[in-house]
Amino acid sequence: MGSNEHAKEATPSLPADIETDSSAHQDDTRLSFQDDDTTTLLPPSPTLAPTDTHAIPRSTRIRGASLQAKVIWLTLCLAGLQFTWSVEMAYGTPYLLSLGLSKSHMSLVWIAGPLSGLIMQPVVGAFSDKCTSKWGRRRPFMVGGSVLVVLALLIIGWTKELTGVFVDAEKDAHVFKVLSIVIAIFSIYLLDFSINCVQASCRALIVDALSPSQQELGTAWAGRMIGLGNVVGYFMGYADLANVFPFFGDTQLKVLCFFASLILLVCDAITCYAVQEMPLAKHIHSDTHSLKTMKDIFTNIWHLPRPIQQVCNVQFFSWIGWFPFLFYSTTWVAEIYTKTMPLDGHDIVGQATRAGSFSFLVYSLVSLAASFILPLLVRPSGEASMMIVGSDMGVQRTSTPAYQCLTLPRLWTISHFLFCIAMLCTWFVGDIAAASVVIGICGISWATIMWAPFSLIGEAITRLEQEQAQQQPHHPRQLSTEHLFQHHQARLSKLSLERLPSYLPEPTAHVSAGIFLGIHNMYIVLPQFLVTFLSSILFRVLENDMDVDDNVNTGASSDAIGVVLRFGAIMAAVAGFISLGIK
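With the first letter of the sequence shown counted as 1, position 458 gets the number 458 in the UniProt record's numbering; the numbers rise by one all the way through.
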């Protein structure tokens, strides 16, 4: 877009085809369907639109024929990203072991996940908040991160070939092995850091593009896309891709890396084409430097608005419970399999691994189904109780069927206790069928945790920023993250939304969304460091006790993992009780 075009869009006027009668006051967002199927979010009515000359409509447009289509294009990038992540989780450990990396050093590699989340998400969020690229604030980081993800995947798939460029495997096998491991570890770290860069951009883009009433819909579809990426990833992992597509690689991992790269780029390209961000004026943050940005991050950690702080507190204890499940449940199922099957069976290790993978496939399917069903049962929060959607007749209001007593915070609370009960049931599980049922039930809770907290935070961010814009409509240069934290409404405990206009003065349109979401992600990844430390102690104590009798070694290992899972159940219960305070 040119500068003249931006100037026109900054004019706070309404198109003639939008009615301006009193009924417009009932709607929080008006959709103008243009010839190119691009949605422009407009103020609810002329009387609610600010009169300040700096006021502009929301800074993001989405192509599409309907609201559902727009949200699908907006969140599609998460499906491609999740497919990439599922490839890493499914094949990362066998890949590293095949190169000769010892199990004792494996934890040093997989610490890349929480470390990258701890660093990248708040940093990318903060810097993208103030990005003045002509392509917008989030898309440059999304595209740049995706290119690095593809580079990391190609290195992972062709590590030995790349190592062969520098070292002759036949002449110096030891150097070849060491260099292969070093390159592989580098590629894993590059992949994790790049994935977190893309994820931070995608999540912030959702908050930017949608009004408060649409946050639940957006995060619901984000959860569905994540579930879809998981299911497709597990299905493709089962298929013999090397025989079907030998021209993409001679191993399963190479073909998967190729398809993961292709799918990620296609999904990102669709999202970037469908979502049109308005560039941030370069003079707005011209005096901001990197040290100031980092200072904002660490200062805001201690001064979060109360609604966001509540969600973060719940997430901290919730993810202490989820990390043991995500890391050890497949092994738990596999070890149950080894206990219940004859020890002289053919390829018992391979069968056990597939049994664990099958349980997670069930879990992914349940999660995907729940991500479609649960939003239909929940009463939307605040403004979202009346959704505005497009139809062939133009703009109309429709209500979503829901159980009035089941709000999103209550569903989130229920999901914590459901996960707690499922993990406590690991005490009694003794066969593969029961184990698969327990793992599958957790898919319901997973669908909720991929939806509820992001929706609640998105609603809180947009409401606080709109209140800030209303309070200081004539001083847009003062509307910063620091002022947002000082605002008295930032300490409200309830997350229910009041009706607010979607007409924001630049640059307050979600200027702090990246920082908020980055700090929220820190509350997710920090528990992994704690869980890694505690689980290593539990494994050492329990396995040492069981080593007295070699005949029960298999059961000892399974019980040790069960204890860690049940510890996670206790933490999930704590999260459930804390979440009762969110209204």
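Beta carbons: idealized from backbone N, C-alpha and C, even for Gly.
Here Thr271 is near Trp73, since their CB atoms are less than 8 angstroms apart.
When only Cα atoms are considered, Leu76 and Met225 end up about 6 angstroms apart. In this structure the stretch 357 to 364 does not touch the stretch 454 to 468; the number of beta carbon pairs closer than 8 angstroms is below three. Counting C-beta pairs with one atom in each stretch, the stretch 151 to 163 and the stretch 196 to 209 have fewer than three that are closer than 8 angstroms, which means they do not touch. Separation of the CB atoms of Gly458 and Gln82 is rounded to 19 angstroms, and the pair is thereby denied contact status at 8 angstroms. By the Cβ neighbour-count rule, Thr299 is exposed, with fewer than 16 other Cβ atoms within 10 Å of its own. Leu526 is a Cβ neighbour of Phe316, given a cutoff of 8 angstroms. Here the stretch 527 to 544 does not lie against the stretch 130 to 137, with fewer than 3 beta-carbon pairs under 8 angstroms apart. Burial is judged here by how many other beta carbons sit within 10 angstroms of a residue's own beta carbon; Ser146 has at least 16 and is buried. In this structure the stretch 305 to 324 touches the stretch 446 to 455; the number of beta carbon pairs closer than 8 angstroms is three or more. For the 8 angstroms CB-CB criterion, Ala79 and Gly223 do not form a contact. Between the stretch 416 to 424 and the stretch 442 to 451, the count of C-beta pairs closer than 8 angstroms reaches three or more; the two stretches touch. If you ignore the 5 residues before and after Gly113, its C-beta comes within less than 8 angstroms of the C-beta of Asp192, Val525 and Gln528, all in its own chain and listed in chain order. For the pair Gln276 and Ala200, the CB atoms are not nearer than the 8 angstroms cut-off. Judged by their CB atoms, Ile414 and Ser318 are not nearer to each other than the 8 angstroms cut-off. Just so you know, the alpha carbons of Ile62 and Leu190 end up roughly 31 angstroms apart.
As DSSP reads the structure, Val244 sits in no beta bridge. Secondary structure note for Arg306: its alpha helix (DSSP H) is the uninterrupted segment Arg306 to Thr340. Taking 8 angstroms as the upper bound for CB-CB distance, Ser261 and Leu154 are in contact here, some 7 angstroms apart.
Take the alpha-carbon of Val333 and the one of Ser436: they are about 8 angstroms apart.
Residues Val71, Ile206 and Leu210 of the same chain have their beta carbon placed closer than 6 angstroms to that of Gly218, with the five preceding and five following residues left out of the count.
As computed with DSSP, Arg61 is found in a beta bridge with Gln276. Excluding five sequence positions before and after Ala369, none of the CB atoms of its chain fall closer than 7 angstroms to its own CB.
The Cβ atoms of Leu376 and Leu411 do not sit closer than 8 angstroms to each other.
Here DSSP, grouped into helix, strand and coil, assigns Thr407 to strand. DSSP places Val71 within a helical segment (H, G or I) once states are collapsed to three.
Excluding the 5 residues flanking it on each side, Trp427 has same chain C-beta neighbours closer than 8 angstroms at Gly562 and Arg566, in chain order. Looking only at Val143, Val165, Val178 and Gln252, the smallest Cα-Cα distance to Ser102 is reached by Val178.
Note on geometry: alpha-carbon atoms of Met142 and Val266 lie some 13 angstroms from one another. Arg224 carries a helical assignment under DSSP once its states are collapsed to helix, strand and coil. For Arg137, the secondary structure class from DSSP, reduced to helix, strand or coil, is coil. Membership of Phe186 in the alpha helix (DSSP H) is indicated by the continuous run Ala173 to Ala209.
In the displayed model, Val378 falls within a strand according to three-state DSSP. Within 10 angstroms of the beta-carbon of Ala65 lie fewer than 16 other beta-carbons, which makes it exposed.
CA-to-CA, the gap between Gly568 and Leu542 works out to about 16 angstroms. With contacts defined as CB atoms closer than 8 angstroms, Ser128 and Ile156 fail to qualify as a contacting pair.
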